[in-house]
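Trainee:
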Amino acid sequence: MKFFGEVANQPVDPKGRLTIPKQFRAGLEEESQIFLHKYQLEVLRLVPFSTLKKEAKKYKKRAKARHLAREEFFRTFTPVTLDSQGRLLIPGVLRESYVSGDKVFVSGLGDYIKLYFNTSVEEIPDGKEHLDQIDSSA
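Numbering-wise (the working numbering), the sequence shown opens with residue 162 and increments by one.
(1) Out of PHE235, LEU202, VAL204 and PRO209, which has the shortest C-alpha to C-alpha gap to GLU191?
(2) I need the straight-line Cα distance from VAL265 to GLY166, nearest angstrom please.
(3) Can you tell me the Cα-Cα spacing of LEU189 and ILE195, whole angstroms?
(4) May I have the straight-line CA-CA distance separating LYS275 from VAL173, to the nearest angstrom?
(5) So is LEU229 buried or exposed if we call it buried at 16+ other beta carbons inside 10 Å?
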């Protein structure tokens with residue numbers, strides 16, 4: 162796990178490039194490949210290859226008999242790269258049909274990074290309820 166913390170109001174420039182905060186770049190740059198995953202409307206995940214490999218292995222075991230389900234899973238990932246300035250070009254097809262806005266809330270979630278588009282800070286889950294559950298079970 163290498164992605165922790167969060168950065169609000171990260172700008173997307175007119176060309177669709179998102180500057181990845183410095184605290185996350187090193188973890189992405191050490192990967193052979195990174196992917197954008199269509200997670201839900203207005204939310205993308207930035208997934209390093211090592212994480213995708215683990216997720217694909219788990220998914221493959223669960224969906225062995227469902228070839229179409231596997232296809233659907235892999236179809237939701239788009240390979241991307243960072244430029245020399247640490248910017249991620251969000252592919253046009255995703256910008257046009259999946260995300261909007263020019264500000265992104267970037268959240269490190271251990272093995273991947275979640276990108277919340279057009280979402281206010283107040284709408285982002287803070288995880289407090291999960292911490293309360295952990296504390297009460299100890």
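Here a beta-carbon is modelled for each residue, glycine too, at the ideal position from N, C-alpha and C.
Mentor: With the structure as the only source:
(1) PRO209
(2) 14 Å
(3) 7 Å
(4) 15 Å
(5) exposed
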